[in-house]
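Asks:
2 protein chains.
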Amino acid sequence: MNGITDSSKRWIGIDGGGTKTSCVIGDRNGHILGASLTASSNIHSNSHHHVKERLLHLIIDVMQKTDVSYDQIEVIQMCLSGCDRESDKHTVRQFFQGTEFEKKISIANDAIAALYAGTAGAPGIVLIAGTGSIAYGLSKDENNPVRIGGWGYLLGDEGSGYHIGQMALKSVLKSFDGRGSNTLLTTMLMEHFEIQNIQEIIPIIYGDQFTRTLIGSLAEIVMKADESGDTVAKNILKQAVLEKCLIVKAAINQMDEEEMSIVLHGGLFSNDRYKKMFCIQLNSEMNTKLNIINPDIPPVAGAYILALKQSNIPISQKVKNQLREHYQPAADRC
Amino acid sequence: MNGITDSSKRWIGIDGGGTKTSCVIGDRNGHILGASLTASSNIHSNSHHHVKERLLHLIIDVMQKTDVSYDQIEVIQMCLSGCDRESDKHTVRQFFQGTEFEKKISIANDAIAALYAGTAGAPGIVLIAGTGSIAYGLSKDENNPVRIGGWGYLLGDEGSGYHIGQMALKSVLKSFDGRGSNTLLTTMLMEHFEIQNIQEIIPIIYGDQFTRTLIGSLAEIVMKADESGDTVAKNILKQAVLEKCLIVKAAINQMDEEEMSIVLHGGLFSNDRYKKMFCIQLNSEMNTKLNIINPDIPPVAGAYILALKQSNIPISQKVKNQLREHYQPAADRC
Numbered sequence: 001m002n003g004i005t006d007s008s009k010r011w012i013g014i015d016g017g018g019t020k021t022s023c024v025i026g027d028r029n030g031h032i033l034g035a036s037l038t039a040s041s042n043i044h045s046n047s048h049h050h051v052k053e054r055l056l057h058l059i060i061d062v063m064q065k066t067d068v069s070y071d072q073i074e075v076i077q078m079c080l081s082g083c084d085r086e087s088d089k090h091t092v093r094q095f096f097q098g099t100e101f102e103k104k105i106s107i108a109n110d111a112i113a114a115l116y117a118g119t120a121g122a123p124g125i126v127l128i129a130g131t132g133s134i135a136y137g138l139s140k141d142e143n144n145p146v147r148i149g150g151w152g153y154l155l156g157d158e159g160s161g162y163h164i165g166q167m168a169l170k171s172v173l174k175s176f177d178g179r180g181s182n183t184l185l186t187t188m189l190m191e192h193f194e195i196q197n198i199q200e201i202i203p204i205i206y207g208d209q210f211t212r213t214l215i216g217s218l219a220e221i222v223m224k225a226d227e228s229g230d231t232v233a234k235n236i237l238k239q240a241v242l243e244k245c246l247i248v249k250a251a252i253n254q255m256d257e258e259e260m261s262i263v264l265h266g267g268l269f270s271n272d273r274y275k276k277m278f279c280i281q282l283n284s285e286m287n288t289k290l291n292i293i294n295p296d297i298p299p300v301a302g303a304y305i306l307a308l309k310q311s312n313i314p315i316s317q318k319v320k321n322q323l324r325e326h327y328q329p330a331a332d333r334c
Numbered sequence: 001m002n003g004i005t006d007s008s009k010r011w012i013g014i015d016g017g018g019t020k021t022s023c024v025i026g027d028r029n030g031h032i033l034g035a036s037l038t039a040s041s042n043i044h045s046n047s048h049h050h051v052k053e054r055l056l057h058l059i060i061d062v063m064q065k066t067d068v069s070y071d072q073i074e075v076i077q078m079c080l081s082g083c084d085r086e087s088d089k090h091t092v093r094q095f096f097q098g099t100e101f102e103k104k105i106s107i108a109n110d111a112i113a114a115l116y117a118g119t120a121g122a123p124g125i126v127l128i129a130g131t132g133s134i135a136y137g138l139s140k141d142e143n144n145p146v147r148i149g150g151w152g153y154l155l156g157d158e159g160s161g162y163h164i165g166q167m168a169l170k171s172v173l174k175s176f177d178g179r180g181s182n183t184l185l186t187t188m189l190m191e192h193f194e195i196q197n198i199q200e201i202i203p204i205i206y207g208d209q210f211t212r213t214l215i216g217s218l219a220e221i222v223m224k225a226d227e228s229g230d231t232v233a234k235n236i237l238k239q240a241v242l243e244k245c246l247i248v249k250a251a252i253n254q255m256d257e258e259e260m261s262i263v264l265h266g267g268l269f270s271n272d273r274y275k276k277m278f279c280i281q282l283n284s285e286m287n288t289k290l291n292i293i294n295p296d297i298p299p300v301a302g303a304y305i306l307a308l309k310q311s312n313i314p315i316s317q318k319v320k321n322q323l324r325e326h327y328q329p330a331a332d333r334c
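Just so you know, the sequences run in chain order A and B.
What the first sequence shows, in UniProt numbering, is residues 1 to 334, in sequence order.
What the second sequence shows, in UniProt numbering, is residues 1 to 334, in sequence order.
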């Protein structure tokens, strides 16, 4: 095989998000040899021309950095946001037609990268709580992935940062109208937006180009208000957590396993308060034995794990340890 | 006074909405002598140049139709959507600077036209339930109008057609996910949108240029599902009605009157089912004596009533009868 030994073979993992796209290259043992980064690769929010350029450049860049030849590449596993349907995958596959990469490309949704970063390639459910909200589950047979939620800010996103932020805004306006309780959130949001009265929030929200992100970022303020004992904030978080549990329960029901790994992913789970409330509520509602996982490696490493799986390489404890070690700076291991 | 007798004096009323602007001209006794119509005059959703042209043309058109001279015009009362703040009113006033109309212009929000179409110039609350949702109240002293709700589709609009349509969409998607009850709404919405599976609704909703109107129009389907005994639809309407009652109660509390006229306005109230549910709920919750009014004249006639009021002309029973007669075709009076 062109003088390529097992130890010189390479696997590439790509995690494509809404704002950035990460790439790593590694060997069969979990050694990450190089990494590269570019802008968003979502084909629904960028021109196809740009996404094609970015992905090609990303792969060539990581190969050049690590001095890897085309022949050494076994699999290029792309896990891309916005790549849900067969037609989306076909679009991305077309980008590589006629290139040396054509036959090495494998395409999946970015949720799998986040899942495998937590389970190291084992079945489970990844629960995403960022600006949006979705659960994505893979059973043992890996066919028929389960998707719950993820219907976007107008029709879904229950339990997301957007949902929490929107409930906060509605609450302060209801309070202003005299049809809702007083809440600390009013002064906190006025301070946050540097406004003198709460109505001034209207042109800010409707006038912002990135309304979804702006509203999603307010979840942090709701956490602080709850911590200060505000009842309105507490009820908002309670409702968000209940909605999030509904999503997981629906996913678990569809998968029908006796034990289940639940991988937590997304900005909202980096808030300890929200994570704790969620875990307590979920455990209290479920009969299934749950193994709740906070990944210690990033989704791009999950994409790389999937790349190894495509070559039927078992994800041994050794591989997992290698990956973990790569992402934990030496200082942390003292 | 240039030979202008009381009986030759004229008053103009204009009701400017988001899609069309109506105009009438009448005498001091409630005789409507002519009418004219043009497109939207909302200064926030049209170029100022267009609004200026439309309003000027509208007035000149109604005057020409009725052979009325500048000298005969006493007041031109404009009730315009999107004219909330003093700065908005100033903008519209500028359109008429240097014209013969300059000193005859009076500007108010379009909610007052809808209110006066119901109360014939008396105090009360107008409750608007169309795509959006707002309550607007005027007390006896007519100062400090009360506004509750109306915070738009992202932050408010509780109890509106949009709110009902959005709850319907969320419900069918939750049902699809297995985290909500089965509902007739699923097949009804699939038939409505001519789709084979409910997920196809996502690109339709997010891809539509007029998402708010599209979602608002689904309220009609929820009414039908409720009529067929669907529990999910019933709960959606119940929740919408409760939110709508909260809005009225907050308005009533701020106005502190012993008796209150409540004028119902907007597409949602033309649905008897919704109107009945709302009236029963509101009466059951309130101690204040309520006089619920379904206007029998259009808002533009309310604007004309306000024009007469600006000249201190009492809105006598004779005036009211004249207006009512004008808007009820002879056949209805058999």
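Virtual Cβ for every residue (Gly too), placed ideally from N, Cα, C.
Exposed or buried, which one is residue 90 of chain B when buried takes at least 16 other CB atoms within 10 Å?
Replies: So residue 90 of chain B counts as exposed.
Asks: What whole-angstrom Cβ distance do residue 167 of chain A and residue 239 of chain A have, given they're in contact under 8 Å?
Replies: Confirmed, Cβ separation roughly 7 Å.
Asks: To the nearest whole angstrom, what separates the beta carbons of residue 336 of chain A and residue 282 of chain A, a pair I think is in contact under 8 Å?
Replies: Since the first and last residues shown for chain A are 1 and 334, residue 336 of chain A lies out of range.
Asks: As a quick exercise: from A/198, A/194, A/193, A/192, pick the residue whose alpha carbon is nearest that of residue 182 of chain A.
Replies: For the residues A/198, A/194, A/193, A/192, the minimum Cα distance to residue 182 of chain A belongs to A/198.
Asks: Could you compute how far the alpha carbon of residue 289 of chain A sits from the alpha carbon of residue 258 of chain A?
Replies: Between residue 289 of chain A and residue 258 of chain A, the C-alpha separation is close to 7 Å.
Asks: Can you give, in chain order, each stretch of the alpha helix (DSSP H) that sits fully within the segment 57-106 of chain B and has at least 4 residues?
Replies: Here the runs fully enclosed are 86-95.
Asks: Name the residue from A/147, A/219, A/160 whose alpha carbon lies nearest to the alpha carbon of residue 178 of chain B.
Replies: Of the listed residues, the one whose Cα sits closest to residue 178 of chain B is A/147.
Asks: Once DSSP output is grouped into helix, strand and coil, what is the label at residue 291 of chain A?
Replies: Note: residue 291 of chain A maps to strand in three-state DSSP.
Asks: Terminal residues of the continuous alpha helix (DSSP H) containing residue 115 of chain A?
Replies: Where residue 115 of chain A is concerned, the enclosing alpha helix (DSSP H) stretches over 110-119.
Asks: Between the segment 235-249 of chain A and chain B, which residues of the former have a C-beta closer than 8 Å to a C-beta of the latter?
Replies: Against chain B - using a Cβ distance shorter than 8 Å - the residues of the segment 235-249 of chain A are 246, 247, 249.
Asks: Is the Cβ-Cβ distance between residue 39 of chain A and residue 21 of chain A less than 8 Å?
Replies: Against a cut-off of 8 Å, the Cβ pair of residue 21 of chain A and residue 39 of chain A comes out as a contact.
Asks: Taking 8 Å as the threshold (beta carbon to beta carbon), is residue 170 of chain A in contact with chain B?
Replies: So, interface residue.
Asks: Could you check whether the Cβ of residue 70 of chain A sits closer than 8 Å to any Cβ belonging to chain B?
Replies: For residue 70 of chain A, the answer is no, since every Cβ of chain B falls outside 8 Å of its Cβ.
Asks: Please confirm whether residue 124 of chain B and residue 263 of chain B have their CB atoms less than 8 Å apart.
Replies: Yes.
Asks: Quick check: is the beta carbon of residue 166 of chain B nearer than 8 Å to any beta carbon in chain A?
Replies: Chain A contact via Cβ: present.
Asks: Does the structure place the segment 300-308 of chain B close enough to the segment 69-86 of chain B that three or more beta carbon pairs sit under 8 Å?
Replies: Cβ pair count under 8 Å is three or more, so yes.
Asks: Can a CB atom of chain C be found closer than 8 Å to the CB of residue 254 of chain A?
Replies: Structure shown: chain C not included; protein chains present are A and B.
Asks: Is it right to say residue 296 of chain A is buried, meaning 16 or more other beta carbons lie within 10 angstroms of its own, or is it exposed?
Replies: Exposed, because fewer than 16 other Cβ atoms sit within 10 Å of the Cβ of residue 296 of chain A.
Asks: Check whether the Cβ of residue 262 of chain B lies closer than 8 Å to any Cβ atom in chain A.
Replies: Chain A contact via Cβ: absent.
Asks: Between the alpha carbons of residue 337 of chain B and residue 251 of chain A, how many angstroms are there, rounded?
Replies: Nothing about residue 337 of chain B can be reported from this structure: the residues present for chain B run from 1 to 334 only.
Asks: Could you check if residue 227 of chain A is buried or exposed, using at least 16 other CB atoms within 10 Å of its CB as the buried criterion?
Replies: Result: exposed.
Asks: Of the residues that make up the segment 310-326 of chain A, which ones have a beta carbon closer than 8 Å to any beta carbon in chain B?
Replies: Taking 8 Å as the Cβ-Cβ cut-off against chain B, none of the residues of the segment 310-326 of chain A qualify.
Asks: For residue 299 of chain B, does the count of other Cβ atoms within 10 angstroms reach 16, so buried, or fall short, so exposed?
Replies: Residue 299 of chain B comes out buried.
Asks: Residues in the segment 202-217 of chain A with C-beta within 8 Å of chain B's C-beta atoms, listed in sequence order?
Replies: Within the segment 202-217 of chain A, the residues whose Cβ lies closer than 8 Å to some Cβ of chain B are 202, 205, 206, 211, 215, listed in chain order.
Asks: Distance cutoff 8 Å, beta carbons only. Does residue 88 of chain B sit that close to anything in chain A?
Replies: Not closer than 8 Å to any Cβ of chain A, the Cβ of residue 88 of chain B fails to qualify, so no.
Asks: Could you give the uninterrupted runs of the beta strand (DSSP E) lying entirely in the segment 256-331 of chain B, keeping only those of 3 residues or more?
Replies: List check, beta strand (DSSP E) in window: 259-265, 289-293.
Asks: Between residue 339 of chain B and residue 121 of chain B, which are expected to be in contact by the criterion C-beta below 8 Å, what is the C-beta distance as a whole number of angstroms?
Replies: In the structure as shown, chain B starts at 1 and stops at 334, and residue 339 of chain B therefore has no counterpart that could be examined.
Asks: I want to see whether chain B comes within less than 8 Å of residue 290 of chain A, judged by CB atoms only; does it?
Replies: For residue 290 of chain A, the answer is no, since every Cβ of chain B falls outside 8 Å of its Cβ.
Asks: Buried or exposed: where does residue 160 of chain A fall if 16 or more other Cβ atoms within 10 Å of its Cβ makes it buried?
Replies: By the neighbour-count rule (16 or more Cβ atoms within 10 Å), residue 160 of chain A is buried.
Asks: Label residue 116 of chain B either buried or exposed according to how many other C-beta atoms from any shown protein chain fall within 10 Å of its C-beta, with 16 as the threshold for buried.
Replies: That one is buried.
Asks: Express the C-alpha separation of residue 19 of chain B and residue 33 of chain B in angstroms, rounding to a whole number.
Replies: The straight-line gap from Cα to Cα measures roughly 24 Å.
Asks: Roughly how many angstroms lie between the CA atoms of residue 149 of chain A and residue 111 of chain A, to the nearest whole one?
Replies: Residue 149 of chain A and residue 111 of chain A: Cα-Cα distance of roughly 13 Å.
Asks: Residue range of the beta strand (DSSP E) that residue 15 of chain A falls in?
Replies: Where residue 15 of chain A is concerned, the enclosing beta strand (DSSP E) stretches over 10-16.
Asks: Indicate the three-state DSSP secondary structure (helix, strand or coil) for residue 122 of chain A in the structure shown.
Replies: The answer is coil: DSSP assigns residue 122 of chain A none of H, G, I, E or B.
Asks: Tell me which residues share the same chain as residue 334 of chain A and place their Cβ nearer than 7 Å to its Cβ, disregarding the 5 neighbours each side in the sequence.
Replies: Summary for residue 334 of chain A: the model assigns pLDDT 48, below 50, so the residue's position carries little reliability, and this model does not support an answer.
Asks: Is it right to say residue 10 of chain B is buried, meaning 16 or more other beta carbons lie within 10 angstroms of its own, or is it exposed?
Replies: Buried: at least 16 other Cβ atoms inside 10 Å.
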